[in-house]
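S.K.: As numbered in our numbering, residues 2 to 946 make up the sequence shown, in order.
For glycine and all other residues, C-beta sits at the position ideal for the given N, C-alpha and C.
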Amino acid sequence: MLKTTSVPPNKKMAIDRNDDILIQGARVHNLQNVTVTIPRNKLVVVTGVSGSGKSSLTIDTLFAEGQRRYAESLSAYARQFMQRMNKPDVDYIKGLCPAIAIEQKVITRTPRSTVGSMTELYDYLRLLFARTGKTISPISGREVKKDDVPDVVNAIQQSDDGTKILILALFKSHANRDVKEELNILLQKGFARLYVNNAIVNIEDIIEEGLPKKMKHEAYILIDRLIKKDFDEEDLHRIADSANTAFYEGEGTMFVQLNDDKPLKFSNKFELDGIQFEEPVPNLFSFNNPFGACPTCEGFSQVLGLDEDLILPDKRLSVYEGAVSPWRGEKLGLWKDNFIHNAKKFDFPVHKPIMDLTEKQLKDLWQGNQYTEGINDFFKEVEQNLYKVQYRVLLSRYRGRTLCTDCHGYRLRKEALYVKVGGKHIGELCEIPVKDLQVWFQKLQLSAFDEQVAKRILIEIQHRIKTLIDVGLGYLTLNRLANSLSGGESQRIQLTRSLGSNLTNSLYILDEPSIGLHSRDTEKLIVVLKELRDLGNTVVVVEHDELMMREADHIIDMGPFASHLGGKVVAAGDYDAIIKNKQSLTGQYLSGALTIDVPKVLRKWNESIKIEGAKQNNLKDVTVEFPLHVLCAVSGVSGSGKTTLVKQILYPALQKIKGEPADKPGLYRKISGDIDSVTRLEMIDQNPIGKSSRSNPVTYIKAYDEIRELFANQPLAKIRGFMPKHFSFNVDAGRCDACKGEGEQLVEMQFLADVHLVCDVCNGKRFKEEVLEVQYKGKNIHDVLEMSVDEAITFFVGNAEKSKTTSSDNGADVAKKIQPLSDVGLGYVKLGQSSNTLSGGEAQRVKLASFLGKGKAQGHILFIFDEPTTGLHFHDIKKLLASMNALVEQGHSILVIEHNTDVLKSADWLIDLGPEAGDKGGNVVFAGKPADIKKVKESYTGKFL
Numbered sequence: 002m003l004k005t006t007s008v009p010p011n012k013k014m015a016i017d018r019n020d021d022i023l024i025q026g027a028r029v030h031n032l033q034n035v036t037v038t039i040p041r042n043k044l045v046v047v048t049g050v051s052g053s054g055k056s057s058l059t060i061d062t063l064f065a066e067g068q069r070r071y072a073e074s075l076s077a078y079a080r081q082f083m084q085r086m087n088k089p090d091v092d093y094i095k096g097l098c099p100a101i102a103i104e105q106k107v108i109t110r111t112p113r114s115t116v117g118s119m120t121e122l123y124d125y126l127r128l129l130f131a132r133t134g135k136t137i138s139p140i141s142g143r144e145v146k147k148d149d150v151p152d153v154v155n156a157i158q159q160s161d162d163g164t165k166i167l168i169l170a171l172f173k174s175h176a177n178r179d180v181k182e183e184l185n186i187l188l189q190k191g192f193a194r195l196y197v198n199n200a201i202v203n204i205e206d207i208i209e210e211g212l213p214k215k216m217k218h219e220a221y222i223l224i225d226r227l228i229k230k231d232f233d234e235e236d237l238h239r240i241a242d243s244a245n246t247a248f249y250e251g252e253g254t255m256f257v258q259l260n261d262d263k264p265l266k267f268s269n270k271f272e273l274d275g276i277q278f279e280e281p282v283p284n285l286f287s288f289n290n291p292f293g294a295c296p297t298c299e300g301f302s303q304v305l306g307l308d309e310d311l312i313l314p315d316k317r318l319s320v321y322e323g324a325v326s327p328w329r330g331e332k333l334g335l336w337k338d339n340f341i342h343n344a345k346k347f348d349f350p351v352h353k354p355i356m357d358l359t360e361k362q363l364k365d366l367w368q369g370n371q372y373t374e375g376i377n378d379f380f381k382e383v384e385q386n387l388y389k390v391q392y393r394v395l396l397s398r399y400r401g402r403t404l405c406t407d408c409h410g411y412r413l414r415k416e417a418l419y420v421k422v423g424g425k426h427i428g429e430l431c432e433i434p435v436k437d438l439q440v441w442f443q444k445l446q447l448s449a450f451d452e453q454v455a456k457r458i459l460i461e462i463q464h465r466i467k468t469l470i471d472v473g474l475g476y477l478t479l480n481r482l483a484n485s486l487s488g489g490e491s492q493r494i495q496l497t498r499s500l501g502s503n504l505t506n507s508l509y510i511l512d513e514p515s516i517g518l519h520s521r522d523t524e525k526l527i528v529v530l531k532e533l534r535d536l537g538n539t540v541v542v543v544e545h546d547e548l549m550m551r552e553a554d555h556i557i558d559m560g561p562f563a564s565h566l567g568g569k570v571v572a573a574g575d576y577d578a579i580i581k582n583k584q585s586l587t588g589q590y591l592s593g594a595l596t597i598d599v600p601k602v603l604r605k606w607n608e609s610i611k612i613e614g615a616k617q618n619n620l621k622d623v624t625v626e627f628p629l630h631v632l633c634a635v636s637g638v639s640g641s642g643k644t645t646l647v648k649q650i651l652y653p654a655l656q657k658i659k660g661e662p663a664d665k666p667g668l669y670r671k672i673s674g675d676i677d678s679v680t681r682l683e684m685i686d687q688n689p690i691g692k693s694s695r696s697n698p699v700t701y702i703k704a705y706d707e708i709r710e711l712f713a714n715q716p717l718a719k720i721r722g723f724m725p726k727h728f729s730f731n732v733d734a735g736r737c738d739a740c741k742g743e744g745e746q747l748v749e750m751q752f753l754a755d756v757h758l759v760c761d762v763c764n765g766k767r768f769k770e771e772v773l774e775v776q777y778k779g780k781n782i783h784d785v786l787e788m789s790v791d792e793a794i795t796f797f798v799g800n801a802e803k804s805k806t807t808s809s810d811n812g813a814d815v816a817k818k819i820q821p822l823s824d825v826g827l828g829y830v831k832l833g834q835s836s837n838t839l840s841g842g843e844a845q846r847v848k849l850a851s852f853l854g855k856g857k858a859q860g861h862i863l864f865i866f867d868e869p870t871t872g873l874h875f876h877d878i879k880k881l882l883a884s885m886n887a888l889v890e891q892g893h894s895i896l897v898i899e900h901n902t903d904v905l906k907s908a909d910w911l912i913d914l915g916p917e918a919g920d921k922g923g924n925v926v927f928a929g930k931p932a933d934i935k936k937v938k939e940s941y942t943g944k945f946l
């Protein structure tokens with residue numbers, strides 16, 4: 002593998018210790034005047050319980066100041082907006098270098114962006130195909146070549162001595178000119194002879210006599226004639242000059258006659274088999290450019306056409322059982338009868354489910370053959386009858402987004418797909434998983450010339466592919482849409498791009514890059530981060546992973562607890578120093594002084610839901626049983642098929658049975674078991690809880706109604722006639738008119754990121770002055786929303802205790818409503834914190850809290866969690882497991898997709914998929930009690946448990 006690091010491997014840069022980054026007096030959010038040193042050119046892990054101030058220190062202080070300093074170097078136009086950017090509340094930061102933050106966000110929503118374009122791999126592939134690609138004719142399969150003057154000279158030089166050589170151009174008669182006129186023009190140009198019927202004839206003679214009546218072949222203009230000998234330099238110049246003239250006169254085509262053989266044809270046009278091909282240039286392979294994009298789907302890969310999922314809605318049925326939806330009813334059913342009647346002639350299995358048909362059998366069903374007509378023929382007939390309303394209705398029923406019929410989903414015009422490298426076109430390479438693409442490039446054979454041309458391109462391609470595999474994304478394909486990636490996948494792709502750019506002396510801040518990674522892949526990720534460090538960068542990682550901490554050069558532990566009880570540096574040093582520190586919660590968990598206890602007795606189960614024959618994506622026809630009324634975990638390496646099994650098959654299949662609106666479930670044969678005992682399904686994933694910046698945790702768990710009621714009951718509110726709506730920032734009553742209760746105004750910055758500025762009317766307080774004058778126990782509505790959950794519980798409970806006599810005081814009710822947020826480890830979140838600032842893991846736990854607060858009167862709910870430990874410290878995982886067990890004790894069932902070993906150990910039942918990712922995964926490796934998995938040798942989960 003070709004290395005591209007600018008520092009020799011394993012050789013550290015010389016480091017000046019006085020050059021470390023020093024943060025002094027940081028007070029952003031809950032930071033309590035923190036002073037800390039971050040060693041330069043090291044891998045530094047910042048850890049601590051959720052809400053202890055890790056992100057406040059790294060993103061909101063370190064990165065924000067780095068960004069602000071960069072903004073100061075911009076033009077005066079850009080700076081006029083930047084002057085209102087808030088400076089982090091910090092005394093000073095010394096030794097700060099250019100900062101790059103790679104966060105847990107899916108950074109793109111456009112359907113044009115793919116894994117290939119995000120990693121820049123596709124740009125290098127385009128360049129490779131433009132420079133070394135061979136255009137292959139789809140008719141003859143021959144390579145399309147363009148002839149130049151040197152090709153003509155070489156052909157003449159390779160002939161035997163004494164060969165008579167004629168250099169010819171085709172004689173053409175142009176429009177509005179007869180033959181005599183054309184010949185006169187040739188005379189004026191200085192040509193004297195034509196070559197007609199294998200004989201040389203003077204042009205003047207032909208003007209008098211005309212062309213012969215019977216011609217064996219077309220007439221040619223004789224450009225030059227000579228006899229082969231040892232040509233000197235002057236002769237070669239003459240041949241080249243004549244060839245040039247012949248190309249010009251023949252409009253791109255010329256001929257060389259050697260003795261009496263058939264004339265050799267040379268063309269400087271890029272054509273073959275009567276087709277004019279496009280010459281390969283990088284833009285020809287770009288689906289974001291009108292020149293390269295498929296004209297039918299405009300580079301989106303999908304068009305409005307016949308939707309296969311609507312025509313064959315249930316692939317578990319056979320053709321005989323009515324799998325083809327439009328072939329139903331008395332009249333249209335004749336098509337089905339005709340197909341079944343003729344099926345024996347070409348050996349088609351009419352009783353076999355559609356999902357089990359081979360590619361050839363599917364092709365016969367769609368396209369038909371000489372024995373019978375297929376689905377496409379049926380719709381052709383429908384289209385011929387569109388003047389009848391019933392046919393228009395019929396067609397509309399089966400139209401939907403479908404793969405483009407012209408480019409077959411490759412997004413490029415057909416000319417781009419004629420260009421091949423190593424026998425494959427660029428679209429085929431984008432469909433290969435990255436780990437297989439690495440093998441393909443290692444085996445790629447190029448000619449000596451092409452190898453020289455592509456040398457640098459291949460280094461860049463192989464370096465990026467290696468990094469993608471190292472960060473655990475070898476199972477992705479380059480055409481995978483960027484908006485279908487998880488936050489963790491998106492972050493690791495950005496990391497690949499950063500490594501590819503080979504920056505040095507920079508500060509990289511990563512927000513939990515190990516999210517969504519199995520412990521096996523975390524080890525590879527650490528190698529990549531160390532490579533980034535060895536390039537001469539400072540890598541700061543906000544992380545809870547034990548493996549990452551063991552490998553770090555320096556650890557900063559924030560705490561001791563969350564919110565107002567945190568915000569201090571509890572310990573700093575290497576792994577051993579953290580373990581020895583008695584004040585550090587992280588150290589106590591790492592040393593084993595504190596542990597997440599494995600349950601002594603596992604719950605027994607006698608009810609379950611069984612999925613049989615799951616075949617979606619990479620699942621290999623698996624049958625899985627999910628127990629109910631227990632905590633069941635699904636594990637496996639990234640890309641092994643967990644999400645496909647649970648989120649794409651089980652969840653939508655159950656939704657359909659329950660009559661809820663659902664996405665189309667993936668392929669499976671049968672679902673059975675105690676489905677009726679489940680009264681409701683709840684998918685608790687990491688999608689945001691609210692798109693609006695006015696949405697927040699207390700509005701989501703319905704506790705804000707109690708708070709508004711409480712303020713509306715205060716004496717001053719009653720005097721002024723304020724109602725609960727006056728304390729809402731969602732309706733025009735008490736909210737600030739300037740920012741509409743947002744607390745900030747957005748300035749759109751053309752080519753830069755939008756800038757969020759504090760509203761200068763209400764100073765970010767969201768409400769009108771007269772509303773803010775209403776107080777409860779010395780705090781107004783803004784002060785309450787600024788409290789953290791834990792602070793608010795103390796405040797409301799304490800005040801409720803003091804004023805039990807007051808009927809207008811329902812503070813205890815408010816405390817009770819927001820208690821579940823604290824139970825799931827969100828005690829540090831502010832009550833009024835905007836939902837769109839919550840991480841995926843936090844949003845997920847807010848959803849969990851909303852169910853904890855509802856108590857038992859909900860029936861039997863099946864909760865499906867997608868990696869709920871995202872962003873959680875060991876201490877918080879302990880709280881989360883307690884909350885989950887509380888739900889199971891209330892009579893619910895929990896199914897969790899997870900990599901965290903503490904959660905897997907604490908489950909009642911474990912299902913492990915794999916053994917590998919992508920096409921080498923998709924099998925059930927283990928199903929049983931977590932303690933028994935260590936007996937299964939091929940399970941990676943077993944090794945880490």
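I think A220 touches A170, with their Cβ atoms under 8 Å apart; what is that distance to the nearest whole Å?
M.R.: Their Cβ separation, rounded to whole angstroms, is 10 Å, which puts A220 and A170 out of contact at 8 Å.
S.K.: Short of 7 Å in beta carbon distance, which residues of its chain neighbour A908, apart from the five on each side in sequence? Order them along the chain.
M.R.: L632, C633, A634, P931.
S.K.: Could you give the distance in angstroms between the alpha-carbon of S138 and the alpha-carbon of V153?
M.R.: The straight-line gap from Cα to Cα measures roughly 22 Å.
S.K.: Which term fits H409, buried or exposed, when burial requires 16 or more other beta carbons within 10 angstroms of its beta carbon?
M.R.: Exposed is the call here.
S.K.: How many Å lie between T38 and D21 at the Cα?
M.R.: If you take the alpha carbons of T38 and D21, they lie about 7 Å apart.
S.K.: State yes or no: is the C-beta of K906 within less than 8 Å of the C-beta of V647?
M.R.: No.
S.K.: Tell me the DSSP secondary structure of K944 in three-state form.
M.R.: Correct three-state label for K944: helix.
S.K.: Evaluate contact between the segment 397-412 and the segment 295-303, counting only Cβ atoms and requiring at least three cross-stretch pairs below 8 Å.
M.R.: Contact between the segment 397-412 and the segment 295-303 is present, because at least three Cβ pairs lie under 8 Å.
S.K.: To which residues does DSSP link K266 through a beta bridge?
M.R.: For K266, which the question treats as bridged, DSSP gives the partners F256.
S.K.: When DSSP labels each residue in this structure, what does L311 get in the three-state scheme?
M.R.: Correct three-state label for L311: helix.
S.K.: Find out if the Cβ-Cβ distance for the pair P821, G799 is shorter than 8 Å.
M.R.: Contact flag unset, no.
S.K.: For the alpha helix (DSSP H) containing Q439, list its first residue and its last residue.
M.R.: Where Q439 is concerned, the enclosing alpha helix (DSSP H) stretches over 435-444.
S.K.: Can you tell me whether V775 is buried or exposed, with buried defined as 16 or more other CB within 10 angstroms of its CB?
M.R.: Its Cβ being crowded by 16 or more others within 10 Å, V775 is buried.
S.K.: Please classify T133: does DSSP put it in a helix, a strand, or coil?
M.R.: Looking at T133 - three-state DSSP - the assignment turns out to be helix.
S.K.: Indicate whether E613 and Y705 have their beta-carbon atoms separated by less than 8 Å.
M.R.: No, the Cβ-Cβ distance between E613 and Y705 is not below 8 Å.
S.K.: Could I get the ranges of all uninterrupted beta strand (DSSP E) runs contained in the segment 552-592, with 3 residues as the minimum, in chain order?
M.R.: The qualifying runs are 555-560, 569-574.
S.K.: Can you check which of these residues, S114, E360, F627, is closest to I912 by C-alpha distance?
M.R.: Comparing Cα positions, the closest option is F627.
S.K.: Is A883 helix, strand or coil when you go by DSSP?
M.R.: It is helical.
S.K.: Is it true that the CB of S641 sits closer than 8 Å to the CB of Q418?
M.R.: First, the amino acid is wrong: residue 418 is Leu here, not Gln. For L418 and S641, no; Cβs fall outside 8 Å.
S.K.: Would you call R143 buried or exposed, if buried means 16 or more other Cβ atoms sit within 10 Å of its Cβ?
M.R.: That one is exposed.
S.K.: Between which two residues does the alpha helix (DSSP H) containing L508 stretch?
M.R.: Note, L508: premise wrong, no alpha helix (DSSP H); beta strand (DSSP E) at 508-512.
S.K.: Please state whether DSSP places K605 in a helix, a strand or coil.
M.R.: Three-state DSSP puts K605 in coil, outside helix and strand.
S.K.: Going by DSSP, what residue range makes up the alpha helix (DSSP H) through M724?
M.R.: Looking at the DSSP string, M724 is not in any alpha helix (DSSP H), and its letter there is neither H nor E.
S.K.: Opposite Q303 in the DSSP bridges: which residues?
M.R.: L404, per the DSSP bridge assignment.
S.K.: Would you call the segment 616-623 and the segment 667-686 touching, i.e. three or more CB-CB distances under 8 Å?
M.R.: Cβ pair count under 8 Å is three or more, so yes.
S.K.: Is it buried or exposed, R70, if we count other Cβ atoms within 10 angstroms and call 16 or more buried?
M.R.: By the neighbour-count rule (16 or more Cβ atoms within 10 Å), R70 is not buried but exposed.
S.K.: Identify whether D933 lies in helix, strand or coil by the three-state DSSP scheme.
M.R.: DSSP places D933 in helix when its eight states are reduced to three.
S.K.: Should S302 be labelled buried (16 or more other beta-carbon atoms within 10 Å of its own) or exposed?
M.R.: It counts as buried.
S.K.: Would DSSP call Q453 helix, strand or coil?
M.R.: Reduced to three states, the DSSP call for Q453 is helix.
S.K.: Relative to the C-alpha of D733, which residue among K703, Y196, F562, R767 is closest?
M.R.: Comparing Cα-Cα distances from D733 to each of K703, Y196, F562, R767, the minimum goes to R767.
S.K.: Tell me the DSSP bridge mates of H783?
M.R.: Paired residues: none, contrary to the question.
S.K.: With distances taken between CB atoms, is the gap from I949 to V257 smaller than 8 Å?
M.R.: The chain is shown from 2 up to 946; residue 949 falls before or after that span and cannot be answered.
S.K.: Three-state secondary structure (DSSP) at R701?
M.R.: The question names Arg, but residue 701 in the sequence shown is Tyr. In the structure shown, Y701 sits in a helix (DSSP, three-state: H, G or I).
S.K.: Beta-carbon separation of T403 and E299 under 8 Å?
M.R.: Result no, Cβ atoms of T403 and E299 do not sit closer than 8 Å.
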